[in-house]
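Everything in the sequence shown is counted per numbering that gives the first Met the number 0, starting at 0 for the first residue and increasing by one.
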Amino acid sequence: MNYRKKFAIVADQPQKTTKIAAMTPPTTLFRFLFHFAKQQWLKFSIIIFSFIVWAVSDTFFPYFLRRIIDHISNFQGARAGIYAAISGTLVLVVLFWVMSEFFMRLEGILQIYAFPTFRAQIRDAVFKHVLAHSHDYFATHFSGNLAKKLSDLATSAESVMEIISFQFVTAGTGAVIVLVMMYLTSPLFAWLLIAWLALHLIITFIFFRFANRLAATHADAVSTLSGKIVDAFTNILTVRLFAREKFESTYLNQYQDDEIKKAKRAKWMLEIMRIGLGLNGLFLIFGMIFLLLHGWVQHWINIGDFTQILMQAFWLLGWMWYISFQLSIFSRETGTIDDALHLIRKAHDLQDQTNAADLMIHAGEIKFDHVYFHYHRRAGVFNNLTLTIPAGKKMGLVGFSGSGKSTFVNLILRFYDIQSGQILIDGQNIANVTQTSLRDHIAMIPQDPTLFHRTLMENIRYGRLDATDEEVIHAAKLAHCDQFIQSLDEGYQSLVGERGVKLSGGQRQRIAIARAILKNAPILILDEATSSLDTVTEKLIQDSLNTLMHDKTTIVIAHRLSTLADMDMILVFKDGAVVESGTKETLLQTNGHFAMLWNMQTDGFLPGGE
C-alpha cells in the first residue's frame, strides 16, 4: 500500500531517506585544526609560505643596513660615488620589499577565501555531530550553551590559525635566520641568543600549560553564564508573570562572580609568566650590548656588525614580547576550543548500526516483543512488555501521568534504546534500520508543539520539504489554520517568533496538524493533538484527522477520554505495564482500572494522578 499516493495533496513520488555517514572530527586541539586546514591545504600552505617570505625579508633588512654602513665607513672616493657603491645593496632592498609585498597581498587575498570556508566546514561538521545526539542529550543540555560553543568554536579556531601562521611561523622563521646570521658574524652571539630563547620557551611552556587549563575552565564558565542568560530570556513570560526580574538578576550574579573569579585566575597566570619573560629579555639586551662593546673594544666587531646584531636582537625580542602578550588571546581561544570540543568528545549514545537499512513499510504493524526499558539508574519503566498494534488500526493510550504512555511512543520513535527485547515494525527491528527512515515514516502531533522562528510556509512545509506552495496551503486549510494565516499582514510569509511565541497555543497546534497532514506518513501519533483548541475548531479538525487516520496505524495518547470513542483498541497503562486492553465499551463493563479512570475524569479530563 503506497500511503503517499492516497492523500490528494501529496506528490506521487515518495520521499527518499538519505544515510549520512559523517566522520567525527579529531577531538584534540591541534589535530582538530589540522583536520580542517588540510581540506584547503594549498591555500593554507601559500598563506604560511607568505609569512615565511615576509619574515625572511624583514630579518634581512638589518643585514642590508650593515652593508650600507660598511660601505659608507670604508668609502675612500668622492662622496658622490657612494650611490654607485651601494647600488647593489639598494637593488636587493627593493627586490626583497617587492617580493614581501607581493606575497603579503597574495596572503591577504587567500585569507578572504580560506577562512570563511574554514569556519563553515567546522560549524557544519560539529553541527551534524551534535544533531545526531540522542533525545536525552538535548534534554540535559542548554540549547543556548550548545549554540554558543558551536559559534565560538569556529571563530576561535580561525583566531588560533591566524596566530600560528602569522605570529608563530614569522617569529620561528626569523629566529632561525637571526641565529644563522649571528653565528656567521660571531658564534658567541648565536649561543647567547640560543640560551635566551631556550629559557624563554621553557618559561612560556611551563606557565602556558597552567594558563591554558585555566582558560578552558574560564571558557566553560562563560558558556554556562551564556546558557543561564538564554534560559532566562526563553522563559521571559514566566519571569514577568511572577515578577521575578530582581530574582533572575541575583540568580545570574552567582554565575557572573564565578566567571570573574576564573577570568582573574587565568590572567594572573599570564602576568606571572610575563614577569619571567621580562627578566629574561633584560638578560638578553644587556648581554648583547656588553658583548658588542667588548668586541668593538677588542676590534673583532665593527660598526656594521654592531648595527646588524643589535637590530636583529631587538627585532626578535620585540616579536617574542608581542607573542607573549598575544598568548593571553591564544590561551583564551585555545581554551574556548578545548571547551567546545566536548561537543564532539561526547560519543553518540544512540547510533545507527553500520549495516543499517532503510525501513520499508507495507502495512504498519507495530510489535513490542519482551521489551525491558529503564531511564538511567531508575527502576524499569517497562518490564517484559509484549503487545501488538495491528496495521491500520487506531490505538488509544490512557493512564495517569508517569504511567509510561509517552515512553511507549518515544521508544517507537527510537528516542531511546531499549535494554532488551525488540520493537518491530512490519517485522523489521527498529534497532536495525536507520533512524532517519524510521522517523520519516512516522508523523507525530505533540501536545505542546514548538515552531521554528521561520515563516508559516516554511514551518508547515517542514512536514514534506518538496511540497509545493499549493500543497502547503491545502494542508493548512484541512487543519483550519488558513483563515488566521490569511489575516496576518504577511500571510504565509509571516515569521512566528522563537518557538512560535507570536501564535496562540491553539494556532501552534493547528500548524503542527497541518504539518502532519502534509507529511502523510503511514504511522500517526497524536499526543492529545486537539487539547489546545476550542470546541468548534476541534470538531472541524477532527473530521480532517479522521481522514488522515484512515488506513493508518494510529496511536492516540488521550487525557480527554471522549477522544477514544472511535478507537479500535485502548491500552490502559499503569506503572509501566499494560494492565488492560480492549474497546471502550468492553473496558467499562469489566469495571477495572479504565473504568476507575473514566469515573475520575473531571470535565472530560483525567486528573494528574490517583
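Where a beta carbon is used, it is the ideal one built from N, C-alpha and C, also for glycine.
Legend entry - R453 - DSSP class collapsed to helix/strand/coil: Within the sequence shown, residue 453 is the residue found at index 454, counting from 1. Coil, per DSSP.
Legend entry - Q421 - partner residues in DSSP beta bridges: Reading the sequence shown from its first residue, position 422 is the one you call residue 421. For Q421, which the question treats as bridged, DSSP gives the partners D368.
Inset, instruction - Reducing DSSP to helix, strand and coil, say where S327 ends up. - result: In the sequence shown, counting from the first residue as 1, residue 327 sits at position 328. Correct three-state label for S327: helix.
Legend entry - L587 versus K404 - alpha carbon distance: Here the question's residue 587 lines up with position 588 in the sequence shown. Here the question's residue 404 lines up with position 405 in the sequence shown. About 20 Å.
Legend entry - Separation of D550 from S400, as counted between CA atoms: Locating residue 400 in the sequence shown gives position 401, where the first residue counts as 1. Locating residue 550 in the sequence shown gives position 551, where the first residue counts as 1. So the two alpha carbons sit approximately 29 Å from each other.
Inset, instruction - Determine the DSSP secondary structure at S155, reduced to helix, strand or coil. - result: Taking the first residue of the sequence shown as position 1, residue 155 is located at position 156. In this structure, S155 counts as helix in the three-state DSSP scheme.
Legend entry - N- and C-terminal bounds of the alpha helix (DSSP H) containing K404: As a position in the sequence shown, residue 404 is number 405, starting the count at 1. Membership of K404 in the alpha helix (DSSP H) is indicated by the continuous run K404 to I411.
Inset, instruction - Can you tell me which of the three DSSP states L384 falls into? - result: Taking the first residue of the sequence shown as 1, we reach residue 384 at position 385. Note: L384 maps to strand in three-state DSSP.
Legend entry - Span of the beta strand (DSSP E), counted from its first residue to its last, around I284: Mapped onto the sequence shown, residue 284 falls at position 285. Where I284 is concerned, there is no enclosing beta strand (DSSP E), although the alpha helix (DSSP H) it sits in stretches over E244 to V296.
Inset, instruction - Taking only runs that begin and end inside the region 309-361, name each unbroken alpha helix (DSSP H) of 4 or more residues, in chain order. - result: Runs found: 341-344.
Inset, instruction - Tell me, please, whether the region 580-597 touches the region 541-559 by the rule of three or more beta-carbon pairs shorter than 8 Å. - result: As far as the Cβ criterion goes, the region 580-597 does not touch the region 541-559, which means the pair count is below three.
Inset, instruction - Using DSSP bridges, identify the partner residues of E579. - result: Counting from one through the sequence shown, the residue named residue 579 turns up at place 580. Per DSSP, the beta bridge partners of E579 are V571.
Legend entry - Beta-carbon separation (whole angstroms), L502 vs A515, contact threshold 8 Å: Within the sequence shown, numbered from 1, the residue matching residue 502 stands at position 503. Within the sequence shown, numbered from 1, the residue matching residue 515 stands at position 516. Not a contact, Cβ separation roughly 17 Å.
Legend entry - Residues of its chain near L290, where Cβ-Cβ distance is below 7 Å and the 5 sequence neighbours each way are ignored: Working through the sequence shown from its first residue, we reach residue 290 at position 291. Closer than 7 Å at the Cβ level, and outside the excluded window around L290, lie L187, F188 and L191.
Legend entry - Check whether W320 and F305 have beta carbons under 8 Å apart: Here residue 320 refers to the residue found at position 321 when the sequence shown is read from its first residue. Here residue 305 refers to the residue found at position 306 when the sequence shown is read from its first residue. For W320 and F305, no; Cβs fall outside 8 Å.
Legend entry - Buried versus exposed, by CB contacts within 10 Å (16 or more), D616: Lying outside 0 to 609, the shown extent of the chain, residue 616 is not represented and no answer is given.
Legend entry - Cβ contact check for the region 247-255 and the region 194-205: 3 or more pairs under 8 Å: no
Inset, instruction - Under the assumption that V159 contacts F329 (Cβ atoms under 8 Å), give the Cβ distance between them as a whole number of angstroms. - result: Locating residue 159 in the sequence shown gives position 160, counting from the first residue. Locating residue 329 in the sequence shown gives position 330, counting from the first residue. About 7 Å separates the two Cβ atoms, so the contact holds.
Inset, instruction - Determine the direct distance from the alpha carbon of V397 to that of D526, and round the result to whole angstroms. - result: Residue mapping note: residue 526 aligns to position 527 of the sequence shown, counting from 1. Residue mapping note: residue 397 aligns to position 398 of the sequence shown, counting from 1. Going from the Cα of D526 to the Cα of V397 covers about 11 Å.
Inset, instruction - Can you tell me which of the three DSSP states R559 falls into? - result: The sequence position of residue 559 within the sequence shown is 560, counting from 1. Of the three classes helix, strand and coil, the one that applies to R559 here is strand, per DSSP.
Inset, instruction - Using three-state DSSP, classify K5 as helix, strand or coil. - result: Numbered from its first residue, the sequence shown carries residue 5 at position 6. Confidence at K5 is low in this model, with a pLDDT of 41, below 50, so the placement of that residue should be treated as unreliable; the coordinate-derived value is given next. If DSSP states are grouped into helix, strand and coil, K5 belongs with the helices.
Legend entry - Those residues which DSSP pairs with D57 across a bridge: Here residue 57 is taken as the residue at index 58 of the sequence shown, counted from 1. Its beta-bridge partners do not exist; DSSP assigns none.
Legend entry - One or two residues paired with I554 in a DSSP bridge: On the sequence shown, residue 554 is found 555 positions in, with the first residue counted as 1. DSSP lists M394 and I524 as partners of I554.
Inset, instruction - Spell out a yes or no on whether the region 56-68 and the region 300-314 are touching, meaning 3 or more CB-CB pairs, one atom from each, closer than 8 Å. - result: yes
Inset, instruction - Can you have a look at F232 and say buried or exposed, based on whether 16 or more other CB atoms are within 10 angstroms of its CB? - result: On the sequence shown, position 233 is the one that residue 232 refers to. F232 comes out exposed.
Inset, instruction - Measure from the alpha carbon of A194 to the alpha carbon of each residue in L283, P445 and R559, then state which is nearest. - result: Your numbering for residue 194 matches position 195 in the sequence shown. Here the closest residue by C-alpha is L283.
Legend entry - Other residues of its chain near D219: CB distance less than 6 Å, five sequence neighbours each side excluded: As a first step, residue 219 is located in the sequence shown; it is residue number 220 there, counting from the start. Around D219: D338.
Legend entry - Backbone CA spacing between T249 and T27 [nearest angstrom]: The residue labelled residue 249 in the question sits at position 250 within the sequence shown. The residue labelled residue 27 in the question sits at position 28 within the sequence shown. Going from the Cα of T249 to the Cα of T27 covers about 37 Å.
Inset, instruction - For Q75, name the three-state secondary structure that DSSP assigns. - result: One-based indexing of the sequence shown puts residue 75 at position 76. Coil at Q75, not helix or strand.
Inset, instruction - Let me know the alpha helix (DSSP H) ranges lying completely inside the region 89-163, each 4 residues or longer, listed in chain order. - result: 134-138 and 142-161
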